[in-house]
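Enquirer:
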Amino acid sequence: MGLKPKDIALLTAGLLITTGIGYAVYFDYKRHHDPVLKKKLKKEKKKVLKQGKKAEENEKMTTIQLIESILEASSHIPVHTAPEEQQKYFMEQVALGESLCNQGPEHYNEAVLHFYLALRVYPAPMELITIYQKTVPEPVFKLVLNVMVLDQQKRQNEFYIHFPPKDTHTRLAELPAGVNEAGTPIVRRSLVADKDIAEGEIIYSESPIISGLSPSLEGAYCHQCLKHIDGHKVDCPHCDLVAFCSNECYKVADEGYHKYLCINNKKEREADETIDDVSLEFYELCKDKNIKYPFMIAKFLSIMIAEELKKQKAEPTTADKTNFGPWDHVDRFRYLETVPSPQSTKEISMLKQILGPKVQGVSEFLSDEIYCMLKGKLLYNAYGIPAIEDTEVPESDEHMRTVNKDQKYIGAALYKISTYLGQSKDEPNVELSFDHNIVTVRATKDIKKDEELTSSYSLPVPKK
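If you count the sequence shown from 1, position 377 lands on 412 in my numbering, and the numbers rise without skipping.
Spelled out as structure tokens, the structure:
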């Protein structure tokens with residue numbers, strides 16, 4: 036009786052295994068005792084390692100090229116900003132990604148683009164990443180994650196390419212700042228000259244991201260630009276807590292933040308408007324404690340909201356790599372380490388009550404960590420705005436960068452560029468002057484290209 040195909044297969048497999056084992060024993064003996072073979076094996080090992088390394092590099096290069104091609108393709112696709120359009124677009128892209136995945140691994144690379152485009156419009160990216168990790172094939176998930184990381188890296192690099200603006204003739208440089216406890220060098224970003232600057236030359240002027248008055252001066256100074264109101268006065272038509280020096284300042288404030296923070300306590304308010312008791316309580320808290328930073332944080336959050344809503348009303352556009360918002364700047368600032376306290380908890384609770392009903396997502400965003408970090412950034416970076424007139428200003432415990440300890444300060448302001456000025460008590464090479472909340476930086480001596488710009492101002496410790 037002849038052997039069945041199954042038996043032949045088993046015998047063949049057995050023969051191959053037996054032969055393989057026998058050869059392995061013989062090979063092992065020769066490997067240890069034959070010098071010629073040893074030399075040849077060493078050479079072959081180097082060759083294999085080299086080939087393996089090259090193959091690994093080629094694979095890595097292919098993956099990088101794929102990621103970059105996906106990122107490049109996505110940069111030419113308009114970004115939808117209206118919530119309804121974003122939701123529809125998101126669902127379409129996810130469906131396309133899933134459809135391609137269902138067609139097999141050969142379509143995974145195509146699917147990555149659609150999952151990434153969905154991620155780009157999703158309001159909570161990290162939440163969606165977690166969902167992707169559980170639902171999409173692992174190779175696709177890893178590529179989507181790498182595309183997101185590369186996008187963030189490129190945006191980070193773009194920031195320092197385009198900021199500060201070229202017409203300021205300055206740039207940000209990484210300078211040594213000692214070592215940490217582990218002995219690792221620390222670097223800090225500081226403003227340096229991008230050309231030779233002559234003594235007396237005005238280097239730049241800038242308006243603040245946000246500014247805030249000492250609470251006791253509201254009504255006597257402009258709520259927007261901090262100018263003393265000595266003549267024409269523009270009242271808020273809806274509340275009696277703040278005033279402005281011009282219609283222009285009122286318009287800027289109302290569009291940027293005041294409409295979110297106004298208490299609406301005037302009798303001539305609209306029929307559908309009610310007095311915002313929490314906003315009133317928040318104003319009174321700041322005044323009683325003589326603190327301006329909680330209200331400046333409220334302004335900052337409101338400005339972020341206003342900018343986001345403005346984007347949502349705009350037509351779909353391709354991503355603008357130079358369009359950096361307030362958060363892009365503030366997020367990069369150094370800050371003073373602060374910890375939650377009963378006072379900060381109360382401030383956060385009030386802010387959530389004020390802004391939460393008006394804008395979805397603010398309550399979730401404003402955690403203890405975020406609030407304390409924002410306050411720490413103000414404590415470390417905000418400049419005091421000096422009083423031009425003889426004004427009585429209560430002393431405040433909130434730290435500000437001050438250039439003259441004997442001067443009175445009516446408020447504080449946070450700046451995009453001037454935050455990066457270095458500090459030098461003995462040999463500063465620039466001086467700061469303030470026209471209300473607009474700061475001008477002037478050279479006090481000749482400054483060489485690539486030299487750090489330093490001013491004499493107070494600095495809190497410790498720092499982060």
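Quick reminder that beta carbons are idealized off the backbone N, C-alpha and C, glycines included.
1) Please go through the same chain and pick out, in chain order, the residues whose beta-carbon is closer than 7 Å to the beta-carbon of P495, but skip the five residues on each side of it.
2) Relative to the C-alpha of P243, which candidate in K334, H263, S249 and E253 has its C-alpha closest?
3) Please identify the residue among L252, L148, Q121 and T116 whose C-alpha is closest to the C-alpha of S104.
4) Using beta-carbon positions only, say whether V438 and Y492 come within less than 8 Å of one another.
5) Candidates H258, P463, S402 and K440: which alpha carbon is nearest E283's?
6) Identify every residue that forms a DSSP beta bridge with A447.
7) Given A417, which residues of its chain have a CB within under 6 Å of its CB, disregarding the five upstream and five downstream residues?
8) Only counting the same chain, and skipping five residues up and downstream in sequence, which positions put a Cβ closer than 7 Å to that of I264?
9) At what residues does the beta strand (DSSP E) containing V227 begin and finish?
10) Could you tell me whether the segment 419–426 touches the segment 392–411, using the rule of 3 or more Cβ pairs below 8 Å?
11) For S459, which residues from the same chain have a beta carbon less than 8 Å from its beta carbon, with the 5 sequence-adjacent residues on both sides left out?
12) On the DSSP bridge list, what partners appear for E209?
13) Rounding to the nearest angstrom, what Cα-Cα distance links E236 and R477 in this structure?
14) Determine the extent of the beta strand (DSSP E) in which S240 is found, giving its start and end residues.
15) Just mark K451 as buried or exposed, buried being the case when its beta carbon has 16 or more other beta carbons within 10 Å.
16) Determine whether the beta carbon atoms of I298 and L320 lie at a separation below 8 Å.
17) Leaving aside the five residues before and after P290 along the sequence, list all residues of the same chain whose C-beta is less than 7 Å from its C-beta, in chain order.
18) Let me check understanding here. Comparing Cα to Cα, which of N464, S453, Y444 and D231 lies closest to S249?
19) Thinking C-alpha only, which one of T475, D470 and S453 is nearest R224?
20) With 16 other CB atoms within 10 Å as the buried threshold, where does A217 fall?
21) Between which residues of its own chain and T205 is the CB-CB distance below 6 Å, once the five residues before and five after are set aside?
22) Keeping to the same chain, check which residues put their C-beta closer than 6 Å to that of I482; ignore five residues upstream and five downstream.
23) I'd like the ranges of any beta strand (DSSP E) spanning at least 3 consecutive residues and lying wholly in the segment 256–324.
24) Tell me, which residues are paired with T482 by DSSP?
25) Under the three-state reduction of DSSP, which class applies to F368: helix, strand or coil?
26) Q390 to D312, Cα distance in whole Å?
27) Let me know if P375 comes out buried or exposed under the rule of 16 or more other beta-carbons within 10 Å of its beta-carbon.
28) If the criterion is Cβ atoms closer than 8 Å, does the pair L180 and I166 meet it?
29) Apart from the five residues just before and just after V269, which ones in its own chain have a Cβ nearer than 8 Å to its Cβ?
30) If we ignore side chains and look at the alpha-carbon of each, how far apart do L456 and S384 end up?
31) Could you check which residue in R367, K123 and E404 has the C-alpha nearest to that of Y157?
32) Can you list, in chain order, the residues of its chain whose CB lies under 8 Å from that of P160, leaving out five sequence neighbours each side?
33) In whole angstroms, what separates the C-alpha of T98 from that of D366?
34) Give every residue of the same chain whose Cβ lies closer than 7 Å to the Cβ of M408, excluding the five residues on either side of it in the sequence, and list them in chain order.
35) Please confirm whether L135 and E145 have their CB atoms less than 8 Å apart.
36) Use the C-beta contact count for Q121: other C-beta atoms within 10 angstroms, 16 or more gives buried, fewer gives exposed.
Expert: On the basis of the coordinates in this document:
1) Here residue 495 refers to the residue found at position 460 of the sequence shown. L371, L414, Y415 and H434.
2) For the purposes of this step, residue 243 is identified with residue 208 of the sequence shown, where counting begins at 1. Answer by Cα proximity: K334.
3) Counting from one through the sequence shown, the residue named residue 104 turns up at place 69. That would be L148, whose Cα lies nearest to the Cα of S104.
4) Within the sequence shown, numbered from 1, the residue matching residue 438 stands at position 403. Within the sequence shown, numbered from 1, the residue matching residue 492 stands at position 457. Yes.
5) By one-based count along the sequence shown, residue 283 stands at place 248. E283 has its Cα closest to that of H258, out of H258, P463, S402 and K440.
6) Along the sequence shown, one-based indexing puts residue 447 at 412. Its beta-bridge partners are G247 and G419.
7) As a first step, residue 417 is located in the sequence shown; it is residue number 382 there, counting from the start. So the list reads M435, A447 and L449, once near-sequence residues are dropped.
8) Residue mapping note: residue 264 aligns to position 229 of the sequence shown, counting from 1. Contacts found: A255, Y256, C257, A278 and C280.
9) For the purposes of this step, residue 227 is taken as residue 192 along the sequence shown, with counting starting at 1. P220 to A228 is the span of the beta strand (DSSP E), which, as asked, contains V227.
10) no
11) On the sequence shown, residue 459 is found 424 positions in, with the first residue counted as 1. If we look at S459 and ignore the five residues flanking it on each side, its Cβ neighbours are T489, S490 and S491.
12) For the purposes of this step, residue 209 is taken as the residue at position 174 of the sequence shown. R224.
13) On the sequence shown, residue 236 is found 201 positions in, with the first residue counted as 1. On the sequence shown, residue 477 is found 442 positions in, with the first residue counted as 1. Between E236 and R477, the C-alpha separation is close to 6 Å.
14) Here residue 240 corresponds to residue number 205 of the sequence shown, with the count starting at 1. Element bounds for S240: I237 to E241.
15) By 1-based counting over the sequence shown, the position of residue 451 is 416. The residue is buried, with at least 16 neighbouring Cβ atoms inside 10 Å.
16) If you number the sequence shown from 1, residue 298 lands on position 263. If you number the sequence shown from 1, residue 320 lands on position 285. For I298 and L320, no; Cβs fall outside 8 Å.
17) Residue numbering aside, residue 290 sits at position 255 when the sequence shown is read from its first letter. With the sequence shown as reference, residue 290 is identified as Glu, and Pro is not the correct amino acid for it. Only A341 meet the Cβ criterion.
18) The residue given as residue 249 occupies position 214 in the sequence shown. With distances taken between Cα atoms, S249 lies closest to Y444.
19) Position 189 of the sequence shown, counting from 1, holds the residue named residue 224. The candidate whose alpha carbon is nearest that of R224 is S453.
20) In the sequence shown, the residue the question calls residue 217 occupies position 182. The residue in question, A217, is exposed, as its Cβ has fewer than 16 Cβ neighbours within 10 Å.
21) Walking along the sequence shown from the start, residue 205 turns up at place 170. Result list for T205: P199, L226 and D229, in chain order.
22) Within the sequence shown, the letter at position 447 stands for residue 482. Cβ within range, chain order: A228, I232 and N464.
23) none
24) Taking the first residue of the sequence shown as 1, we reach residue 482 at position 447. Here residue 482 turns out to be Ile, not Thr, going by the sequence shown. According to DSSP, I482 bridges with I232.
25) The residue given as residue 368 occupies position 333 in the sequence shown. F368 falls in the coil class under three-state DSSP.
26) Within the sequence shown, residue 390 is the residue found at index 355, counting from 1. Within the sequence shown, residue 312 is the residue found at index 277, counting from 1. According to the sequence as given, residue 390 is Leu; it is not Gln. Computed Cα separation, rounded: 13 Å.
27) As a working note, residue 375 is residue 340 in the sequence shown. Under this definition P375 is an exposed residue.
28) On the sequence shown, position 145 is the one that residue 180 refers to. On the sequence shown, position 131 is the one that residue 166 refers to. Cβ distance not < 8 Å, so L180 and I166 don't count as in contact.
29) Position 234 of the sequence shown, counted from the start, is the residue given in the question as residue 269. Within the same chain, V269 has close Cβ partners A278, F279, C280, S281, N282, C284 and Y285.
30) Indexing the sequence shown from 1 puts residue 456 at position 421. Indexing the sequence shown from 1 puts residue 384 at position 349. So the two alpha carbons sit approximately 34 Å from each other.
31) Mapped onto the sequence shown, residue 157 falls at position 122. Measuring from the Cα of Y157, the nearest candidate turns out to be K123.
32) Reading the sequence shown from its first residue, position 125 is the one you call residue 160. These residues qualify, in order along the chain: L154 and M183.
33) As a working mapping, residue 98 is identified with position 63 in the sequence shown. As a working mapping, residue 366 is identified with position 331 in the sequence shown. C-alpha separation (whole angstroms): 31 Å.
34) On the sequence shown, position 373 is the one that residue 408 refers to. For M408, where only same-chain residues beyond five positions count, the Cβ hits under 7 Å are Y370.
35) Taking the sequence shown and counting its residues from 1, one reaches residue 135 at position 100. Taking the sequence shown and counting its residues from 1, one reaches residue 145 at position 110. Yes, these two residues count as a Cβ contact at 8 Å.
36) Against the sequence shown, residue 121 aligns to sequence position 86. That one is buried.
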